[in-house]
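In the working numbering, the protein residues as written are 980 to 1332.
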């Protein structure tokens, strides 16, 4: 089987490095002329001065685009706005919304994308996949991998702790994503990349290990670095695999189903997939208690109450999940459980507490 690997050219992680972003970008692309910065209002208010000074010192032109929502409507509007402005690089500056928007806009304009995350909430900071409203499919689609990722640990570690905990949930989800990929190889004759799978799985094990060092709402720069590196590595694993398989399995399908059922009123992405990983670990006969306790230590949700969903919504999401993406074979296809069986499992796992 042939597939294309898309990987970042350069990843820069360190303390107080945002002030050097212009120099980093110019090093990666000597022909860069003008940059469009896709960001949110709050992020711009906090760090616009640092970015502007750095780009100006590097003799780079730029313009700011304030994103209102992560939707294909916004992609269309911004793409049309920029298509005749001689933009050579799109910069996504902020959380998942702005980074996904930037990726898709760069893909549409056929130009390079630079990812500058201000939080560590999910692995989209480095992967070629985006999740946007208005897509007729409630899951991620492929765009392009960032040519460069700039992770300023001082900025990221000062983001709300909940976002970092969400990133840990997205990393721990690779436990079941990889197991689902193995099932698809064994029962559905699907391509399986062992290197990409092991790289993604490494991130999940790392989170379980460092959860013992994390104090809720308190996090060191070194732990932040480890989480950021894990999220970047997971996105790279998807680039190596040529699909989201190593990073997204039944736990993500459950999350997408829950998002659909509740109209996105069910916690953050990493919070949903974290709970989904507890459930899918039980279905895979893995050590679900280890995963639940790691999430608890981190301060991530482990019960339905914490993400404001009820028992019926959880069960409906579990039944709907395998229909979200029928071609993606997972443990949900293998077992095909009844609503009453799912309720018994949720009771056993303490998710309904």
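For glycine and all other residues, C-beta sits at the position ideal for the given N, C-alpha and C.
Computed from a predicted structure; not experimentally measured.
Taking buried to mean at least 16 other C-beta atoms within 10 Å of its own C-beta, is residue i buried or exposed?
i, result
"residue 1261", "buried"
"residue 1305", "exposed"
"residue 1283", "buried"
"residue 1197", "exposed"
"residue 1062", "exposed"
"residue 982", "exposed"
"residue 1044", "buried"
"residue 1180", "buried"
"residue 1102", "buried"
"residue 1274", "buried"
"residue 1242", "exposed"
"residue 1148", "buried"
"residue 1314", "exposed"
"residue 1154", "buried"
"residue 1150", "buried"
"residue 1297", "buried"
Can you tell me which residues form a DSSP beta bridge with residue i?
i, result
"residue 1036", "The partner list for residue 1036 (beta bridge, DSSP) is empty, contrary to what the question assumes."
"residue 1131", "993"
"residue 1125", "The partner list for residue 1125 (beta bridge, DSSP) is empty, contrary to what the question assumes."
"residue 1109", "1120"
"residue 1095", "1072"
"residue 1194", "1197"
Quick check: the Cα distance between residue i and residue j, rounded to an integer number of angstroms?
i, j, result
"residue 1303", "residue 1289", "20 Å"
"residue 1176", "residue 1213", "9 Å"
"residue 1095", "residue 1183", "23 Å"
"residue 1004", "residue 1020", "23 Å"
"residue 1079", "residue 1013", "20 Å"
"residue 1187", "residue 1069", "35 Å"
"residue 1324", "residue 1230", "15 Å"
"residue 1111", "residue 1292", "22 Å"
"residue 1171", "residue 1161", "7 Å"
"residue 943", "residue 1018", "Residue coverage of the chain in this structure runs from 980 to 1332, which leaves residue 943 outside it and unanswerable."
"residue 996", "residue 1207", "15 Å"
"residue 1279", "residue 1326", "19 Å"
"residue 989", "residue 1007", "7 Å"
"residue 1309", "residue 1232", "9 Å"
"residue 1166", "residue 1224", "15 Å"
"residue 1258", "residue 1328", "7 Å"
"residue 1192", "residue 1251", "23 Å"
"residue 998", "residue 1032", "7 Å"
"residue 1226", "residue 1000", "28 Å"
"residue 1138", "residue 1276", "19 Å"
"residue 1281", "residue 1159", "21 Å"
"residue 1322", "residue 1092", "44 Å"
"residue 1046", "residue 1052", "11 Å"
"residue 1029", "residue 1035", "10 Å"
"residue 1157", "residue 1228", "7 Å"
"residue 1169", "residue 1163", "5 Å"
"residue 1246", "residue 1264", "26 Å"
"residue 1300", "residue 1042", "41 Å"
So, using beta-carbon positions, are residue i and residue j closer together than 8 Å?
i, j, result
"residue 1203", "residue 1143", "yes"
"residue 991", "residue 1130", "yes"
"residue 987", "residue 1124", "yes"
"residue 1090", "residue 1066", "yes"
"residue 1105", "residue 1211", "yes"
"residue 1240", "residue 1295", "yes"
"residue 1178", "residue 1216", "yes"
"residue 1235", "residue 1145", "no"
"residue 1054", "residue 1087", "yes"
"residue 1377", "residue 1128", "No answer is possible for residue 1377: the residues shown for the chain start at 980 and end at 1332."
"residue 1254", "residue 1330", "yes"
"residue 1016", "residue 1072", "yes"
"residue 1132", "residue 994", "yes"
"residue 1320", "residue 1287", "no"
"residue 1209", "residue 984", "no"
"residue 1039", "residue 1022", "no"
"residue 1205", "residue 1189", "yes"
"residue 1122", "residue 1083", "yes"
"residue 1075", "residue 1050", "no"
Under 8 Å, Cβ to Cβ, is there at least one residue of chain D near residue i?
i, result
"residue 1080", "Considering every chain present, this structure includes no chain D. It has just one protein chain."
- Task: Please go through the segment 1008–1052 and give each complete beta strand (DSSP E) segment of 3 or more residues, from N-terminal end onward.
- Result: 1013–1018 and 1040–1045
- Completely contained alpha helix (DSSP H) runs for the segment 1134–1208, where each covers 4 or more residues: 1140–1151, 1153–1167 and 1173–1189
- Item | Length at least 3, wholly inside the segment 1204–1254: the beta strand (DSSP E) runs in chain order | none
- Message: What ranges does the alpha helix (DSSP H) occupy inside the segment 1259–1287, keeping only unbroken runs of at least 4 residues that lie completely in it?
- Response: 1267–1277
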